[in-house]
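Enquirer:
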Amino acid sequence: MLTFLTDSVNSNSLSIAQQTPKMVWFVLGFVAIFLIAVYAYNRFIYTYWWRQGIPYISPSVPFGNFWNVITQRECFAEGYRAIYDRCTGPWVGFFLLHKPVLMVKDPELIRTILMKNFANFHDRGMYVDEKNDPLSAHLFSLSGQKWRKLRAQLTSTFSSGKLKRMTPIMVSCTEDLNLHLQECEDVVELKEILASFSTDVIASCAFGIQCNSLRDPNAEFRKWGRKMFEPGPENTFRSILCFLYPSVASILRVRSMVSGVTEFFQSVVRETIEYRETKNISRPDFMQLLIQLKNHGELQDDEPDKQTLLSTDKTSEKCYYSCSAPYYPSWQNPGCQPIKILFDIVGLTENEVTAQAFVFFFAGFETSSTTINFCLYELAMNQDIQARLRKEISLVLDQHDGKISYEAVQSMEYLDRVVAETLRKYPPLGWLNRECTSNFALPGTPFILEKGTGIVISLLGMHRDPRYYPDPDRFDPERFTEENKKSRPHCTYMPFGEGPRICIGASFLNMFRFKVWSTANQDGVGISCALIQVSAVSSNT
Numbered sequence: 001m002l003t004f005l006t007d008s009v010n011s012n013s014l015s016i017a018q019q020t021p022k023m024v025w026f027v028l029g030f031v032a033i034f035l036i037a038v039y040a041y042n043r044f045i046y047t048y049w050w051r052q053g054i055p056y057i058s059p060s061v062p063f064g065n066f067w068n069v070i071t072q073r074e075c076f077a078e079g080y081r082a083i084y085d086r087c088t089g090p091w092v093g094f095f096l097l098h099k100p101v102l103m104v105k106d107p108e109l110i111r112t113i114l115m116k117n118f119a120n121f122h123d124r125g126m127y128v129d130e131k132n133d134p135l136s137a138h139l140f141s142l143s144g145q146k147w148r149k150l151r152a153q154l155t156s157t158f159s160s161g162k163l164k165r166m167t168p169i170m171v172s173c174t175e176d177l178n179l180h181l182q183e184c185e186d187v188v189e190l191k192e193i194l195a196s197f198s199t200d201v202i203a204s205c206a207f208g209i210q211c212n213s214l215r216d217p218n219a220e221f222r223k224w225g226r227k228m229f230e231p232g233p234e235n236t237f238r239s240i241l242c243f244l245y246p247s248v249a250s251i252l253r254v255r256s257m258v259s260g261v262t263e264f265f266q267s268v269v270r271e272t273i274e275y276r277e278t279k280n281i282s283r284p285d286f287m288q289l290l291i292q293l294k295n296h297g298e299l300q301d302d303e304p305d306k307q308t309l310l311s312t313d314k315t316s317e318k319c320y321y322s323c324s325a326p327y328y329p330s331w332q333n334p335g336c337q338p339i340k341i342l343f344d345i346v347g348l349t350e351n352e353v354t355a356q357a358f359v360f361f362f363a364g365f366e367t368s369s370t371t372i373n374f375c376l377y378e379l380a381m382n383q384d385i386q387a388r389l390r391k392e393i394s395l396v397l398d399q400h401d402g403k404i405s406y407e408a409v410q411s412m413e414y415l416d417r418v419v420a421e422t423l424r425k426y427p428p429l430g431w432l433n434r435e436c437t438s439n440f441a442l443p444g445t446p447f448i449l450e451k452g453t454g455i456v457i458s459l460l461g462m463h464r465d466p467r468y469y470p471d472p473d474r475f476d477p478e479r480f481t482e483e484n485k486k487s488r489p490h491c492t493y494m495p496f497g498e499g500p501r502i503c504i505g506a507s508f509l510n511m512f513r514f515k516v517w518s519t520a521n522q523d524g525v526g527i528s529c530a531l532i533q534v535s536a537v538s539s540n541t
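For the record, in the sequence shown the residue sitting at position 478 is 478 according to full-length UniProt numbering, with numbers rising by one throughout.
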């Protein structure tokens, strides 16, 4: 029996030993085929621009041209600016990981993409998953007919008339800010104060809620505002996945925001709508306009404001309204025939209302407070500019009984230049992205952009380009006198984008910033560079 078992074990061992070389060769063969396939795939991907005949920056496998961004040595805006600065022609190809993207640098070609041939570039190629991530279905990310319909409904919500009616809300918040600054010690750190103030204004104008973040740093809106922008590996991974691979993010059901954000905003919007409709309450804010759109599909009070609807481009060869706004009357574009409405007027769903209110908060809160911080920094470092601005504000307020009003802010010409120069040097969004929605021949070249090709325009690079802004790192509001503005090519200053997809809330954000700067530069409030200089010295030692 023992002999039999021994012989059996020896036989099995011999059989395994004989099969082992075959298994090793099989594994090695599989690995070799896999590596060859990976090499062939990468070679095919990374020679895309070479095959197209378009100049490109040599990528690094597998990160393309964004190793520094992936490793968080640079933000996306700085990464795009580095590519812009390396580009010596009107355009250059590069790679976002495995995705081929075209960086466009020539102002005339930019104008073609954003305006003249908007029909070929009307989408952004952004992540949208209405079912699993309802907050992602906002105006900034939507594409195609859904974007056109929503843009039509939302455009007039930011007309000058409606902004004027929101002015008392913003004035009330700026008065709270002024009182808070007067109660503070001699020296205050403005970053958290302005973030809280921005939260109060957006919460009040967008949701009709007074959260008093200046008095209560732990208010719900302020807490969620911090959480949305918290740095960390989870937020970074989510942002990169949704931005670079939106279809993968949808398949994996990855939400664009951290856990709890969707539920919080859905609850706030639902309760606000129920309360107003039950109590028959109306308030001159963005939420009330969204409630009108939910119930009626359009605003009921007045005609859309022409200045809000018209593009800044007066000489477009093609009428982009036929693509982006078939619902506007013919007076907007002289020479064009009225265009038939292409969709039925349907009210917004509650999730759509929530998504638009959310993006109003998300886009307005961080960008406004950050831009205001940059502006106050520049005023601290340029005391002569600050003195001139304070003098203008004082004169204008004297003419309006010392009150900050819509008319008072609109008449501050030097403040307007200071705002514009701040947005030039520190644009709220450092780049614009578009997606080619149909094959397009680059003007004057044999090159064809294929459908699905990504397009990037570096606003930070454009705004710091010495060809358009000599000594670009110098803060100089005189760049925005009427004479100097006319001397620059179109599409070299686009802090809010350009064309039909220009930021719909740009006028609101500008009014918001004007009021803060008007308040922060009144008598009794000074901005000093002393602590900034101390911090700079400390950081270098």
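For each residue, glycine too, the CB sits at the ideal point set by N, CA and C.
Using DSSP bridges, identify the partner residues of W91.
Expert: Per DSSP, V104.
Enquirer: Can you tell which of F158, D401 and L348 has the C-alpha that lies nearest to the C-alpha of A206?
Expert: Answer by Cα proximity: F158.
Enquirer: Give me the DSSP bridge partner(s) of A37.
Expert: According to DSSP, which records beta bridges pairwise, A37 is partnered with nothing at all.
Enquirer: State whether the stretch 227-235 contacts the stretch 198-216, with contact taken as three or more CB pairs (one from each stretch) at a distance under 8 angstroms.
Expert: no
Enquirer: Which of helix, strand or coil does DSSP assign to K99?
Expert: Note: K99 maps to strand in three-state DSSP.
Enquirer: Can you look up F379 in the DSSP assignment and give me helix, strand or coil?
Expert: The amino acid at residue 379 is misidentified as Phe; the sequence shows Leu. Residue state, collapsed to three classes: helix.
Enquirer: Please report the straight-line C-alpha distance between W67 and G53, rounded to a whole angstrom.
Expert: 24 angstroms
Enquirer: Nearest-angstrom Cα distance between Q210 and Q182?
Expert: 21 angstroms
Enquirer: Compute the Euclidean distance between the alpha carbons of E378 and P428, then round it to the nearest angstrom.
Expert: 16 angstroms
Enquirer: Does DSSP classify A203 as helix, strand or coil?
Expert: Three-state result, A203: helix.
Enquirer: So, with DSSP's three-state summary, where would you put S213?
Expert: S213 falls in the coil class under three-state DSSP.
Enquirer: For the stretch 445-461 against the stretch 393-410, do three or more pairs of beta-carbon atoms, one drawn from each stretch, fall closer than 8 angstroms, so that the two count as touching?
Expert: Using a C-beta cut-off of 8 angstroms, the stretch 445-461 makes no contact with the stretch 393-410, since fewer than three inter-stretch Cβ pairs fall below that distance.
Enquirer: With DSSP as the reference, identify every bridge partner of residue 542, one or two as the case may be.
Expert: No answer is possible for residue 542: the residues shown for the chain start at 1 and end at 541.
Enquirer: Can you give the Cα-Cα distance for A32 and V24, rounded to whole angstroms?
Expert: Between A32 and V24, the C-alpha separation is close to 12 angstroms.
Enquirer: What are the start and end residues of the alpha helix (DSSP H) that includes R151?
Expert: Per DSSP, R151 belongs to the alpha helix (DSSP H) from G144 to L154.
Enquirer: Would you list the residues sitting across from P495 in a DSSP beta bridge?
Expert: By DSSP's assignment, P495 forms a beta bridge with G497.
Enquirer: Within this structure, are the beta carbons of D123 and S143 separated by less than 8 angstroms?
Expert: In contact: D123 and S143 (Cβ atoms closer than 8 angstroms).
Enquirer: Can you give me the C-alpha to C-alpha distance between G89 and S60, rounded to a whole angstrom?
Expert: 22 angstroms
Enquirer: Applying the criterion that 16 or more other CB atoms from any shown protein chain within 10 Å of the CB defines a buried residue, is S282 buried or exposed?
Expert: By the neighbour-count rule (16 or more Cβ atoms within 10 Å), S282 is not buried but exposed.
Enquirer: What's the call for R417, buried or exposed, on a 16-neighbour Cβ count within 10 Å?
Expert: buried
Enquirer: So if DSSP puts L432 in a beta bridge, which residue, or which two residues, is it bridged to?
Expert: I457
Enquirer: Thinking C-alpha only, which one of R81, Y80, V101 and G29 is nearest W50?
Expert: V101
Enquirer: Using the Cα positions of M494 and T71, report the straight-line distance between them to the nearest angstrom.
Expert: 29 angstroms
Enquirer: Looking only at DSSP bridge pairs, what is R440 linked to?
Expert: Before going on, a small fix: residue 440 reads as Phe here, not Arg. Paired residue(s): L449.
Enquirer: How would you write the range of the alpha helix (DSSP H) that K403 sits in, first residue to last?
Expert: Premise fails: K403 is in no alpha helix (DSSP H) and is neither H nor E.
Enquirer: Could I get the ranges of all uninterrupted alpha helix (DSSP H) runs contained in the stretch 258-291, with 4 residues as the minimum, in chain order?
Expert: Within the stretch 258-291, the complete alpha helix (DSSP H) runs of at least 4 residues are 261-279.
Enquirer: Which partner residues of G64 appear in the DSSP bridge assignment?
Expert: S60 and L96
Enquirer: Tell me the DSSP secondary structure of D123 in three-state form.
Expert: strand
Enquirer: State the beta-bridge partners of D129 as determined by DSSP.
Expert: D133
Enquirer: Throw me the rounded Cβ distance for the C436 and N120 pair, which I believe falls under 8 angstroms.
Expert: 6 angstroms
Enquirer: Can you tell me where the alpha helix (DSSP H) with D85 in it begins and where it stops?
Expert: F76 to R86
Enquirer: Around the Cβ of F76, are there at least 16 other Cβ atoms within 10 angstroms (buried) or fewer (exposed)?
Expert: buried
Enquirer: If you reduce the DSSP assignment to three classes, tell me which class H296 lands in.
Expert: helix
Enquirer: Considering Cα atoms alone, identify which of F63, P55 and L442 is closest to R86.
Expert: P55
Enquirer: Look at P284 and R165 and say whether their C-beta atoms are less than 8 angstroms apart.
Expert: yes
Enquirer: Do L289 and T371 have their CB atoms nearer than 8 angstroms?
Expert: no
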